[in-house]
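Student: This is the structure I have questions about; it appears just below.
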Amino acid sequence: EIVRLKDKTARSVVESLKPIFSRFGIPKLFIADNNPFNSFEFLNFAAEWNFDVRFSSPHHHRSNGLAEKAVGIGKSLLKKCSYEGHDLNLYLLNYRNSPVAGLPYSPAQLLMAKNLRSKLPVSFEDLCPKVVSDSAVREKLGQKARYDRASRMPSEFVEKERVLIQNQNTNLWEDGIIVAKLDPRSYLVRVRGRVFRRNSLHIKKSHGYGASPGNSHFGALLGSDDELMDGSCDPDRDTIAPHKPTSGG
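Every position in the sequence shown, counted from 1, becomes a number in our numbering once 121 is added.
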């Protein structure tokens, strides 16, 4: 679905999702980036409509790969429509009737068990509903198995573990402390009194580098239990002051 929003507020997003949910049903799990989906208004909407919200890690768009791919397709369609002066709805119709890469079925067939009638000539038989066979499921499983073999296993971290976190602005690795694990690959990390949410690909084992447990800098990083709940916790903050890890001693 491609919907024009008058602005990026939570209210506009909620009002655009309601008709989509009324057509296709309410999802059980809604995966999104942070703003505006982490706002009180959107989370209240999720509670009222009975679906869960899971947030992807900042600076790691691959953690929500399907959504990022859909955004890329949508942008491509919009550019083509703007350049050629065609109707976006016809482009969307043709896309929904086109087979998915690696599968013999279109999005319309996967969702509604049939292709949609378009401006192209088509026989009545081609529009009759046909249940998608198990081959689509087997293909999906095969894709996942190939992806799992090609992907490296991310490191696992525990609470209060000393780690190095990559500064997104300077690419330097800085001393940090694991505060909490949010998702299988997402953590809260305390760096210089601030708390950041990062994907495990941007965190690595300290292996003795950085501040030692006995010095004051390390103690400040750990903080108290009260500090973890105060206003300094800012998972969406992007900027970290440049700091090279110091050698342990």
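C-beta atoms are modelled at their ideal positions from N, C-alpha and C, and glycine is treated no differently. Keep in mind it's a predicted model, so treat the numbers as computed, not measured.
Rounded to whole angstroms, what's the CA-CA distance from Ala287 to Asp173? Just pull it up for me.
Tutor: Residue 287 is actually Gln in this sequence, not Ala. When rounded, the distance between both Cα atoms is 30 Å.
Student: From the DSSP output, in three-state form, read off Ala374 for me.
Tutor: The structure shown does not extend to residue 374, since the chain is modelled only from 122 through 370, so no value can be given for it.
Student: For Lys235, which residues in the same chain have their Cβ closer than 8 Å to its Cβ, ignoring the five residues on either side in sequence?
Tutor: Ala229, Leu248, Cys249, Pro250, Lys251
Student: Which same chain residues end up closer than 6 Å to Asp154 when comparing Cβ atoms and leaving out the 5 residues on each side of it in sequence?
Tutor: Ser177
Student: Going straight from the alpha carbon of Leu303 to that of Leu309, what length do you get?
Tutor: 7 Å
Student: Go ahead and label Val312 buried or exposed: buried means 16 or more other beta carbons lie within 10 angstroms of its beta carbon, across all protein chains shown.
Tutor: buried
Student: Start and end of the alpha helix (DSSP H) containing Glu122?
Tutor: Neither: Glu122 is in no alpha helix (DSSP H) and is coded neither H nor E.
Student: My output table needs one value for Val221: the three-state DSSP class, helix, strand or coil.
Tutor: coil
Student: Looking at Ile123 and Gly195, is the spacing between their C-beta atoms short of 9 Å?
Tutor: Yes, Cβ-Cβ distance for Gly195 and Ile123 is below 9 Å.
Student: With a 10 Å radius around its C-beta and 16 neighbouring C-beta atoms as the bar for buried, classify Ser307 as buried or exposed.
Tutor: buried
Student: Considering only C-alpha positions, which residue in the set Tyr268, Pro148, Asp296, Arg267 is nearest to Lys281?
Tutor: Asp296
Student: Report the CB separation of Lys325 from Val284 in whole angstroms; it is logged as a contact under 8 Å.
Tutor: 7 Å
Student: Looking at Pro220 and Tyr226, is the spacing between their C-beta atoms short of 9 Å?
Tutor: yes
Student: Going by other Cβ atoms of all chains shown within 10 Å of its Cβ, with 16 needed for buried, is Leu342 buried or exposed?
Tutor: Here the model assigns Leu342 a pLDDT of 40, short of 50, so the residue's position is not dependable, and the following value carries that caveat. It is buried - the Cβ of Leu342 has at least 16 other Cβ atoms within 10 Å.
Student: According to DSSP, simplified to helix, strand and coil, what is Asp304?
Tutor: strand
Student: Ordered along the chain, which non-local residues of its own chain (more than five positions away) have a Cβ less than 7 Å from that of Ile299?
Tutor: Taken in chain order, the residues that qualify are Phe278, Val279, Glu280, Lys281, Glu282, Val284, Tyr308, Val310.
Student: For Phe317, count neighbouring C-beta atoms within 10 Å of its own C-beta (all shown protein chains included) and say buried if the count is 16 or more, exposed if not.
Tutor: Counting Cβ neighbours within 10 Å, Phe317 comes out buried, since at least 16 surround it.
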